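Below is one structure; the comments refer to it alone.
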Amino acid sequence: MRLGVLDVGSNAAQLQVVDAFAGAPPLPIRAVKIPTRLGEEASSDGAIGQSGMDRIVAAVRVAVESAHALHVDQLYPFVTAAIRDSSNRDEVLQLVADETGTRLRYLSGEQEARLTYFAVRSWYGWQAGRLLNIDIGGGSMELAFGRDAIPDLAVSLPLGAGRVSTMFLRPDPPSKAQVKDLRRHVRQQVREVANRVQWEGTPRRVVATSKTFKQLARFGGAACGRKGPFVRRTVSRTQVAQSIQNLMGVSVQERAQFRGIKPARAWQILGGAVVAYETMRCLGIDQAEVSPWALREGIMLEYLSSLRIPEGELSLQPLAFDRSSEDPAQANVTTLPRKV
Numbered sequence: 001m002r003l004g005v006l007d008v009g010s011n012a013a014q015l016q017v018v019d020a021f022a023g024a025p026p027l028p029i030r031a032v033k034i035p036t037r038l039g040e041e042a043s044s045d046g047a048i049g050q051s052g053m054d055r056i057v058a059a060v061r062v063a064v065e066s067a068h069a070l071h072v073d074q075l076y077p078f079v080t081a082a083i084r085d086s087s088n089r090d091e092v093l094q095l096v097a098d099e100t101g102t103r104l105r106y107l108s109g110e111q112e113a114r115l116t117y118f119a120v121r122s123w124y125g126w127q128a129g130r131l132l133n134i135d136i137g138g139g140s141m142e143l144a145f146g147r148d149a150i151p152d153l154a155v156s157l158p159l160g161a162g163r164v165s166t167m168f169l170r171p172d173p174p175s176k177a178q179v180k181d182l183r184r185h186v187r188q189q190v191r192e193v194a195n196r197v198q199w200e201g202t203p204r205r206v207v208a209t210s211k212t213f214k215q216l217a218r219f220g221g222a223a224c225g226r227k228g229p230f231v232r233r234t235v236s237r238t239q240v241a242q243s244i245q246n247l248m249g250v251s252v253q254e255r256a257q258f259r260g261i262k263p264a265r266a267w268q269i270l271g272g273a274v275v276a277y278e279t280m281r282c283l284g285i286d287q288a289e290v291s292p293w294a295l296r297e298g299i300m301l302e303y304l305s306s307l308r309i310p311e312g313e314l315s316l317q318p319l320a321f322d323r324s325s326e327d328p329a330q331a332n333v334t335t336l337p338r339k340v
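Each residue of the sequence shown is one higher than the one before, starting from 1 at the first, in UniProt numbering.
Below you can see the structure in the form of structure tokens.
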């Protein structure tokens, strides 16, 4: 089965195509990225303007054509917080459907948190124990915590890198007072969630996903993406604090020259760094590992988990217990053999 996931976000529409088989990890075939640049022109009423809608339509059209060219069998197209939370979301989705024939769906923030956590859990395995995942997108930040495939806690906060940059860090470059206001805002948002995470227990492993964390890790000296997904990459709170100092007081154009900072995301990397630092601080996190798998992989894995793995040659017949009787004294229990 050739599977495609199309994620339409604040910075780009990203199509990821994989070959997917039951019992195996998704095998990457091709990735296609088309800019949308929605966050840079957000209106005061939270609506996406006509130019933004035109870029979304164009991006979806290119992505769907690419999926056809790559012989994708099933395509999962969806939007993230930038479009989901816009005041004219339904208008945008209807326009895309009318112009491209593709009906974009959207996930709730909690669903995004759960699916991203599922991908991270699948990547690190059960040996990771209690796992906390932090994902900073363009419009929202998701947190998920648990020890099983489904997290015990999954929350979404309006702390996306693009959202907070638009709200607090304009004009460019922002003042120290503006950055201070953003710090206070993030702490207020995260504090309640921090109490819930602490109540759940101490995570054995902390994982960070999203472009924001990947760029901060690279900015701090982590291996570049060309080294592959199996290279361990980390981001520390101390390193993020230093990154904030380096990013403050310089223009977007200058930030785009720093190692690991993509020009299309340079305008929001300072906001993302502040969110990352204050979140790590509130949660008492010194260091996080950067996962190569995130939301798109979570959607793929959710699909794969529904497929039946071909039966092997080992044939075992389960012995069933009859628990229909409510009276334990009258229960009929199948006796297990002493020898196999």
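Glycine is no exception: its CB is placed at the ideal position from the N, C-alpha and C atoms.
Computed from a prediction, not measured in an experiment: that's the story for all the values here.
- Rounded to the nearest angstrom, the gap between the Cα atoms of residue 132 and residue 243 is 23 Å.
- Counted as a single uninterrupted DSSP element, the beta strand (DSSP E) harbouring residue 146 occupies residues 141-146.
- Assignment of residue 125 by DSSP, reduced to helix, strand and coil, places it in the coil class.
- Annotation: the continuous beta strand (DSSP E) that includes residue 14 extends over 12-19.
- For residue 291, the CB contacts under 6 Å within the same chain, skipping 5 residues up- and downstream, are 120, 123, 207, 209 in chain order.
- Out of 54, 114, 249, the CA that lies nearest to the CA of residue 156 is found in 114.
- Taking one beta carbon from each stretch, the stretch 78-93 and the stretch 47-66 have 3 or more pairs nearer than 8 Å; the two touch.
- Distance from the CA atom of residue 273 to the CA atom of residue 225, rounded to whole angstroms, is 19 Å.
- Note that the C-beta distance between residue 212 and residue 137 is below 9 Å.
- In the structure shown, the three-state DSSP call for residue 154 is strand.
- Taking the Cα of residue 45 as reference, the smallest distance to any Cα among 79, 85, 249 is reached at 85.
- Secondary structure remark: continuous beta strand (DSSP E) runs of at least 3 residues inside the stretch 38-102, in chain order: 74-79.
- For the pair residue 8 and residue 60, the CB atoms are nearer than the 9 Å cut-off.
- In the structure shown, residue 272 adopts helical secondary structure according to DSSP, grouped into three states.
- In the DSSP assignment, the residues bridged to residue 236 are 287.
- For residue 298, the enclosing alpha helix (DSSP H) starts and ends at 295-305.
- In the DSSP assignment, residue 4 falls within the unbroken beta strand (DSSP E) covering 2-8.
- Here residue 222 carries a coil assignment [DSSP, helix/strand/coil].
- Excluding five sequence positions before and after residue 66, the CB atoms of its chain that fall closer than 7 Å to its own CB belong to 15, 32, given in chain order.
- Restricting attention to 152, 204, 27, 148, the CA atom closest to the CA of residue 286 is found in 204.
- In the DSSP assignment, no residue is bridged to residue 36.
- The DSSP assignment places complete beta strand (DSSP E) segments of no fewer than 3 residues inside the stretch 154-217 at 205-209, in order along the chain.
- Rounded to whole angstroms, residue 258 and residue 275 show a C-alpha spacing of 19 Å.
- The beta carbon of residue 70 is closer than 8 Å to those of 2, 4, 17, 29, 30 in its chain, skipping five residues each way along the sequence.
- When the Cα atoms are used, residue 82 and residue 75 turn out to be separated by approximately 21 Å.
- Residue burial annotation: residue 140 is buried, with at least 16 other C-beta atoms found within 10 angstroms of its C-beta.
- Here residue 39 has 10, 138, 162 as same chain residues with Cβ atoms under 6 Å from its own Cβ, once five neighbours each way along the sequence are excluded.
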